[in-house]
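This report refers to the structure that appears directly beneath it.
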Amino acid sequence: MVYQINPIGYISSCFKEKFGIPRQPLLAPAATGVIELLPPYNKAEALEGLEKVSHLWLLFIFNQSMDEKVRLKVRPPRLGGNKSLGVFATRSNFRPNNIGQSVVRLDDIIENKLYVSGIDLLDETPIIDIKPYIPYADSINDAYNLIAETAPRTINVTWSALALEQALLHSARLQHPIKQLIEQCLMQDPKPAYQKATPDKHYGMKLWDIDVKWHYPHENLIEVLIISH
Ligand code: SAM
1 MVYQINPIGY ISSCFKEKFG IPRQPLLAPA ATGVIELLPP YNKAEALEGL
51 EKVSHLWLLF IFNQSMDEKV RLKVRPPRLG GNKSLGVFAT RSNFRPNNIG
101 QSVVRLDDII ENKLYVSGID LLDETPIIDI KPYIPYADSI NDAYNLIAET
151 APRTINVTWS ALALEQALLH SARLQHPIKQ LIEQCLMQDP KPAYQKATPD
201 KHYGMKLWDI DVKWHYPHEN LIEVLIISH
C-alpha cells in the first residue's frame, strides 16, 4: 500500500545550509523561522486555539537528505560518526520515509504565519503536520535514553574584533540577535567529532544572508574570524 503525503507548508529558516544546524531543536533559542501554510490550511480557522500554546511539534520531510538506500544502521554524529546504531535508536535524517520531528517554541502568529524559534530545520523544509506540545503527555519524568543522556557537550566561542563588530552591524540590519545565534550554533561544535581540528583549517556556515567563518585555535575553542555578506 502506498500513502501520499503533501506538504501543508514550508519553513523559511535562518539556516541556509545543513552544516552548522544544531542536531536537535531548542539548543539554539535564537534560531528562528516562519512557517507559511499552503491552501487550504493558510486560514485563521486552521490555527484557532494555537494562541493558547507555547510549543509545537513540527513534522517535516528531510528533503535535502533523501536517498532510496535502505539503512538499517546509521552513524549518529553524537557517537563521533564512527559507531553505528539501529536506525530506530537514532534521530538520524537518513531514515524510512525521511520524516523529521522537532519541538519548537511558537513565538507569534501574524497573518496566519507561524513565527517559531529554537528550530533545527533547513530553509524551505516541507512541513507535513503541526501539533501542539502537550506538557502532561509529552514530558516524561522518568524517561531515559542511555545513548543521549544529556545535551551534547558544548565548546567555548570567542570572537575576533572584526567579526564581533560585523555581528553587531548585521544584528541591527537584520533585526535578529546574530551574535547569540552564532554563539549558540557554534557552541554545539558543528565539526564532525572524528575530524581533528587544526588552527589553519577554516569552517563556514550560512545564516540568513551572511557567511560566518571560524577556526579552532585549539581543540576546545572556536574563534569566529569574519562575517561576510
Ligand atoms: N529534530 C529532528 C528529528 O529528531 O527528527 C531532526 C534531527 S536531525 C539529527 C537534525 C539535522 O537535520 C540538522 O542538524 C540538519 O543538518 C538536518 N536537517 C534539517 N533540515 C533538513 C532538511 N530539510 N533536509 C535534510 N536534513 C535536514
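If you're matching positions, the sequence shown starts at 1 in the UniProt record's numbering and goes up one per residue. The beta carbon of each residue, even a glycine, is placed where N, CA and C say it ideally should be.
Limits of the alpha helix (DSSP H) - the one that residue i falls within
i, result
"residue 171", "161–174"
Alpha carbon of residue i to alpha carbon of residue j, nearest angstrom
i, j, result
"residue 77", "residue 195", "11 Å"
"residue 206", "residue 185", "11 Å"
"residue 167", "residue 2", "48 Å"
"residue 226", "residue 160", "8 Å"
"residue 8", "residue 26", "23 Å"
"residue 61", "residue 15", "16 Å"
"residue 176", "residue 155", "23 Å"
"residue 127", "residue 41", "12 Å"
"residue 193", "residue 45", "46 Å"
"residue 101", "residue 43", "23 Å"
"residue 217", "residue 49", "49 Å"
"residue 222", "residue 4", "44 Å"
"residue 38", "residue 6", "10 Å"
"residue 18", "residue 111", "29 Å"
"residue 229", "residue 200", "23 Å"
"residue 198", "residue 149", "29 Å"
"residue 135", "residue 152", "23 Å"
"residue 162", "residue 23", "28 Å"
"residue 81", "residue 28", "22 Å"
Proximity of residue i and residue j at Cβ, strictly below 8 Å
i, j, result
"residue 174", "residue 208", "yes"
"residue 59", "residue 99", "yes"
"residue 122", "residue 188", "no"
"residue 164", "residue 30", "no"
"residue 75", "residue 84", "yes"
"residue 113", "residue 36", "yes"
"residue 56", "residue 109", "no"
"residue 20", "residue 190", "yes"
"residue 103", "residue 133", "yes"
"residue 178", "residue 89", "no"
"residue 10", "residue 124", "yes"
"residue 210", "residue 170", "yes"
Where residue i sits in the DSSP three-state scheme
i, result
"residue 132", "strand"
"residue 77", "helix"
"residue 98", "helix"
"residue 36", "strand"
"residue 106", "strand"
"residue 18", "coil"
"residue 224", "strand"
"residue 70", "coil"
"residue 88", "helix"
"residue 27", "coil"
"residue 50", "helix"
First through last residue of the beta strand (DSSP E) which encompasses residue i
i, result
"residue 45", "Run containing residue 45: none in the beta strand (DSSP E); it sits in the alpha helix (DSSP H), 44–47."
"residue 181", "Careful: residue 181 lies outside any beta strand (DSSP E), inside the alpha helix (DSSP H) at 178–186."
"residue 218", "210–218"
"residue 205", "202–207"
"residue 117", "113–117"
"residue 10", "9–13"
"residue 62", "No beta strand (DSSP E) holds residue 62; DSSP gives it neither H nor E."
Inter-residue CB distance, residue i and residue j (contact presumed, cutoff 8 Å)
i, j, result
"residue 107", "residue 92", "With a Cβ gap of about 28 Å, residue 107 and residue 92 do not count as contacting."
"residue 12", "residue 33", "6 Å"
"residue 157", "residue 70", "Rounded, the Cβ-Cβ distance is 39 Å, inconsistent with contact."
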